[in-house]
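Undergrad: One point on numbering: in this note's numbering, the residue at position 15 of the sequence shown is 75, and numbering is uninterrupted. Below you'll find the structure I mean.
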Amino acid sequence: MKTDEREESISSLEMVRNASLKVSEDFFQWKWVIIALHNALQGFMVLSLRNGNNFRVMPDKLARKCYEAHRANKPWPKERLDSFLNLYKKIKNDEYMKPFIYSKSLPETENNDWCVNKLIELRNKFIHFVPQGWSLNVSGLPHICLTIIEIMKFLAWESGNIFWHNDRLKDKSRSILNECEDSFRRIKEAYESNS
């Protein structure tokens, strides 16, 4: 298996799309939608922050240590990705998101923040599931998913920071994001008509 940050992001989007097409028959597919959507958003945040090196996707303290090691021609400390929430904060910050004159950071909105925090909460409940009885009202999930898709579309096409060196991946990404958006719109409409 060979992969990179673009392939990983698109692969997660494919999982989101595939699971979203099954949720009307199987509510348990929401688990996989949430987990894959979290992974896909993380991938798009990394793509938009990376800018040719990993400094902006690491915790700031580690990035400084790596930079100092690089300047001193010494071995780097072990690299690791910054937390999901810190990556999200960075994509809203001009200091991280404006390496080019045409670059844009994600506009700050209460809805985006609420949806991202809810995505993190739900993903963590699924990944670190503690034995219990748990009921999840799924009627609000399409809204969360649509908001996250909009954030990824912004990062992919409006931030000016993701360079698609491969037209196949660029087209595939655009197509799957649109398919996911269409799927979640249909689910939202179905849930609203049943309430």
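Note that the Cβ used here is the ideal one computed from N, Cα and C, for glycine as well. Since this is a predicted model, take the numbers as computed values, not measurements.
1. To the nearest whole angstrom, what separates the beta carbons of I151 and S165, a pair I think is in contact under 8 Å?
2. Confirm, please, whether the CB-CB distance from R77 to E239 is below 8 Å.
3. May I have the straight-line CA-CA distance separating L109 from S80, to the nearest angstrom?
4. Could you give the distance in angstroms between the alpha-carbon of L101 and the alpha-carbon of W90?
5. When you compare the region 137–144 with the region 111–124, are there three or more beta-carbon pairs, one atom per stretch, that lie closer than 8 Å?
6. Run the CB neighbour count on T169, radius 10 Å, all protein chains shown included, and call it buried at 16 or more, exposed below.
7. With 16 other CB atoms within 10 Å as the buried threshold, where does T207 fall?
8. Give the DSSP-derived three-state secondary structure of T207 in the structure shown.
9. In its own chain, which residues sit with a C-beta less than 6 Å from the C-beta of A129, not counting the 5 before and 5 after it?
10. Below 8 Å CB to CB, which residues in the same chain sit around F160 once its five sequence neighbours on both sides are set aside?
11. In or out: A132 buried (at least 16 other Cβ within 10 Å) or exposed?
12. Verify whether the separation of the beta carbon atoms of M157 and L141 is less than 8 Å.
13. Would a check of beta-carbon distances place M105 closer than 8 Å to chain B?
14. Can you check whether the CB of S69 is closer than 8 Å to the CB of G103?
15. Below 8 Å between beta carbons: does that hold for E74 and I236?
TA: In short, the structure shows the following:
1. As a working mapping, residue 151 is identified with position 91 in the sequence shown. As a working mapping, residue 165 is identified with position 105 in the sequence shown. The Cβ separation is near 6 Å, so the contact holds.
2. Here residue 239 refers to the residue found at position 179 when the sequence shown is read from its first residue. Here residue 77 refers to the residue found at position 17 when the sequence shown is read from its first residue. Contact: yes.
3. Residue numbering aside, residue 109 sits at position 49 when the sequence shown is read from its first letter. Residue numbering aside, residue 80 sits at position 20 when the sequence shown is read from its first letter. Going from the Cα of L109 to the Cα of S80 covers about 28 Å.
4. The residue labelled residue 101 in the question sits at position 41 within the sequence shown. The residue labelled residue 90 in the question sits at position 30 within the sequence shown. Each residue's Cα considered, the two are about 16 Å apart.
5. yes
6. Against the sequence shown, residue 169 aligns to sequence position 109. Result: exposed.
7. As a working mapping, residue 207 is identified with position 147 in the sequence shown. Classification for T207: buried.
8. The residue labelled residue 207 in the question sits at position 147 within the sequence shown. T207 falls in the helix class under three-state DSSP.
9. Counted from its first residue, the sequence shown places residue 129 at position 69. Excluding sequence neighbours, A129 sits near W136.
10. Walking along the sequence shown from the start, residue 160 turns up at place 100. G220 and N221, listed in sequence order.
11. As a working note, residue 132 is residue 72 in the sequence shown. Result: exposed.
12. Start at 1 with the first residue of the sequence shown, and residue 157 comes out as number 97. Start at 1 with the first residue of the sequence shown, and residue 141 comes out as number 81. Going by C-beta atoms, M157 is not nearer than 8 Å to L141.
13. No chain B is part of this structure, which consists of one protein chain only.
14. Stepping through the sequence shown from its first residue, residue 103 is reached at position 43. Stepping through the sequence shown from its first residue, residue 69 is reached at position 9. Less than 8 Å divides the Cβ of G103 from the Cβ of S69.
15. Position 14 of the sequence shown, counted from the first residue, corresponds to residue 74. Position 176 of the sequence shown, counted from the first residue, corresponds to residue 236. Contact: yes.
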